[in-house]
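**Student:** In my numbering, the protein residues as written are 518 to 563.
1. Taking the alpha-carbon positions, what's the residue 520 to residue 545 distance?
2. Just the Cα atoms here: how many angstroms apart are residue 563 and residue 550?
3. Let me know the secondary structure DSSP gives residue 537 once reduced to three states.
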């Protein structure tokens, strides 16, 4: 029972990822990198 729900969740997330274009993925990655840099600078200055 639990395995089937895990498989359903995985296939659903794979479908969502499949809908994303390369531009969307690059945008998400750049936002993540920017937020990580801001966090790093904030922690470094403390």
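Every residue, glycine too, gets a C-beta built ideally from N, C-alpha and C.
**Tutor:** On the basis of the supplied data:
1. Cα to Cα, the separation comes out at about 30 Å.
2. When rounded, the distance between both Cα atoms is 20 Å.
3. Annotated three-state conformation of residue 537 is coil, per DSSP.
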